[in-house]
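Residue numbers for the sequence shown follow the numbering used here, so the first one is 9 and each next one is one higher.
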Amino acid sequence: MRQLISSGAPWEPLVGYSRAVRVGNVVEVAGTTAQDGDAVTGGPDVYAQTKRALEKIGEALAAAGASFADVVRTRIYLTDISQWEAAGRAHGEVFGEIRPASSMLEVKALIRQELLVEIEATAIVAE
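Structural data, given as structure tokens:
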């Protein structure tokens, strides 16, 4: 069974994607940013933007019947890799001892100039 989880963003149907998809016991959460409506939560603060993106990932996981404890992999995309410690601190506060496999990469840009970080997650729900 395929379960699609929407964030309610108006561009999901336009672009043809879901915030998250659950198939069986696997949940994939798409690239998630701190964009809320027309605003970017956290302003020019990588830590604050990372925390907001992770909150939104938590909401998507919950909608799919999963939690942060089920996350086995994250991917963090930063527009400025010199900000890795701020993003890493926020990630560490959420994942603590869960410690999923994680990658952190610098990218040239995200969909809006104000966005500084985007995060993806993969979870496997225990059966």
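Here a beta-carbon is modelled for each residue, glycine too, at the ideal position from N, C-alpha and C. Owing to the predicted nature of the structure, the values given are computational and were not obtained by experimental measurement.
Where residue i and residue j are concerned, what is the direct C-alpha to C-alpha distance, given to the nearest angstrom?
i    : j   : result
V31  : W19 : 23 Å
R10  : N33 : 10 Å
L124 : L86 : 6 Å
L69  : V35 : 7 Å
S90  : D44 : 25 Å
Considering only residues of the same chain and omitting the five flanking positions on each side of residue i, which have a CB-CB separation below 7 Å?
i    : result
L12  : S26 and V29
A109 : V80 and R81
Closer than 8 Å by C-beta to residue i: which residues in its own chain qualify, once you throw out the five before and the five after it? Chain order, please.
i    : result
I106 : F76, A77 and V79
Checking the sheet assignment: what are the DSSP bridge partners for residue i?
i    : result
M112 : I84
L12  : V29
E36  : V29 and T130
V79  : A131
According to DSSP, simplified to helix, strand and coil, what is residue i?
i    : result
A28  : strand
Q91  : helix
I106 : helix
E128 : strand
E122 : coil
D44  : strand
Closer than 6 Å by C-beta to residue i: which residues in its own chain qualify, once you throw out the five before and the five after it? Chain order, please.
i    : result
A129 : V37, I65, V79 and T82
E122 : V48
L113 : Y85
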